[in-house]
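In full-length UniProt numbering, the protein residues as written are 1 to 96.
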């Protein structure tokens, strides 16, 4: 009879340890999910900031070329031509 009790006690101990380990793993998992969400939010903010800086850089390049810089004149001319085509298209739609 004592042998069965020892087996049951050992089984209860193992189950208790497994349940405790499961609880710890759930807490760790929740913590990691929270960190992942924070990192994803941070990445999104950084991507938005990069986009803003790229836009500012492009604007600065265009302004420099308008002020006489030869580096980006071709790009500026293409951009101006595209804007003129857009304006002509809008005027055409308004006159219809």
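Where a beta carbon is used, it is the ideal one built from N, C-alpha and C, also for glycine.
- Rounded to whole angstroms, the separation of the alpha carbons of residue 82 and residue 37 is 41 angstroms.
- With contacts defined as CB atoms closer than 8 angstroms, residue 75 and residue 61 qualify as a contacting pair.
- The Cβ-Cβ distance between residue 65 and residue 73 falls below 8 angstroms.
- Ranked by how close their Cα comes to the Cα of residue 63, the residues 30, 80, 22 have 80 in first place.
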